[in-house]
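Residue numbers (my numbering), protein chains in the order written: chain A, 338 to 491; chain B, 1259 to 1426.
Note that beta-carbon positions come from the ideal geometry of N, C-alpha and C, so glycine has one too.
Being a predicted model, the structure only gives us computed values, none of them experimental.
Below: the structure, in structure tokens.
What follows is the structure, encoded as structure tokens:
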């Protein structure tokens, strides 16, 4: 489910079936890596669309958490922990972070939720056909990850 | 000027008829246009969307067919990709099922659950459907999968808008 009012009605009606929350993490920077941070944000944004479509009934796709890239690691971790705590407290059994920013990879062990780190692909330079097939492929592999995680829990 | 003189009565008659005629036409024209609009509408069968699937290549095994079309919401046009599970039933009729689970809208897959061969499986909550789209009792879904109306054109499959079926 997306973070839109129509899907929220569905969520409120079927809450016991929705046990997974996905929080995309978007870096924002105005330094030398401005383009890189845009590419990361863009890639994750595009990726979340087919992901949400596939698992509409079991996951809620949050609007995403944007953070300034020049913040210290400790600060970032602190915020992420607040996020996941809130989600766990609200009855979600699985919390996934999806990002392209490699900073999170080093923080992975500190998080209770699962971190999915994907290197960003320069999709903006591709035509639509190539972009769709690459995205589809990426999503297909992501699906396995989610299903695996759900299965382990049964 | 001609010798023929127009009396005041005649002049008023002419002008009133003229103006009245224009007003009547102004009211009737849109009504007529509305009435005939459905007839003038171009390609009423345009609701069928072509897919890259060749009719001759459809087997009895459900295959995934992706097709995209331009969706127009007022002025905003967007490209939408849909999926269908297509196969031939025992009578040779083509069946196209919507992959959207009737439970909460996840996407179902064919033959992916090892414990349930030859069934559609929803990875979200374990919903199951038979090959013809009938929901398996005891699993979360409460209705059959939607079906797409099908058409053939130049050997390729055309799909309409997915319709829900009557209660199972």
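From residue i to residue j, what does the alpha carbon distance come to, in whole angstroms?
i                       : j                       : result
residue 1351 of chain B : residue 1415 of chain B : 12 Å
residue 475 of chain A  : residue 451 of chain A  : 18 Å
residue 1325 of chain B : residue 376 of chain A  : 28 Å
residue 1323 of chain B : residue 1283 of chain B : 52 Å
residue 1382 of chain B : residue 395 of chain A  : 6 Å
residue 1269 of chain B : residue 1281 of chain B : 18 Å
residue 405 of chain A  : residue 1327 of chain B : 38 Å
residue 1302 of chain B : residue 1410 of chain B : With a pLDDT of 46 at residue 1302 of chain B, under the threshold of 50, the modelled position of that residue is not reliable, and no figure is offered here.
If you measure between the beta carbons of residue i and residue j, is that distance less than 8 Å?
i                       : j                       : result
residue 483 of chain A  : residue 437 of chain A  : no
residue 417 of chain A  : residue 429 of chain A  : no
residue 1356 of chain B : residue 1406 of chain B : yes
residue 442 of chain A  : residue 421 of chain A  : no
residue 1368 of chain B : residue 1320 of chain B : yes
residue 1364 of chain B : residue 392 of chain A  : yes
residue 440 of chain A  : residue 413 of chain A  : yes
residue 1243 of chain B : residue 1305 of chain B : As displayed, chain B neither begins before 1259 nor continues past 1426, which places residue 1243 of chain B out of reach and without an answer.
residue 401 of chain A  : residue 460 of chain A  : no
residue 431 of chain A  : residue 357 of chain A  : yes
Quick check: is the beta carbon of residue i nearer than 8 Å to any beta carbon in chain A?
i                       : result
residue 1396 of chain B : no
residue 1403 of chain B : no
residue 1381 of chain B : yes
residue 1323 of chain B : no
residue 1277 of chain B : no
Could you give the first and the last residue of the continuous alpha helix (DSSP H) run that contains residue i?
i                       : result
residue 423 of chain A  : 410-426
residue 1452 of chain B : Outside the displayed range of chain B (1259 to 1426) lies residue 1452 of chain B, so it cannot be described from this structure.
Per DSSP, residue i is paired with what?
i                       : result
residue 1346 of chain B : B:1352
residue 1329 of chain B : B:1336
residue 1405 of chain B : B:1355, B:1421
Could you pull the start and end residues of the beta strand (DSSP E) that residue i belongs to?
i                      : result
residue 451 of chain A : 451-454
Any beta carbon from chain B within less than 8 Å of residue i's own beta carbon?
i                      : result
residue 429 of chain A : no
residue 393 of chain A : yes
residue 358 of chain A : no
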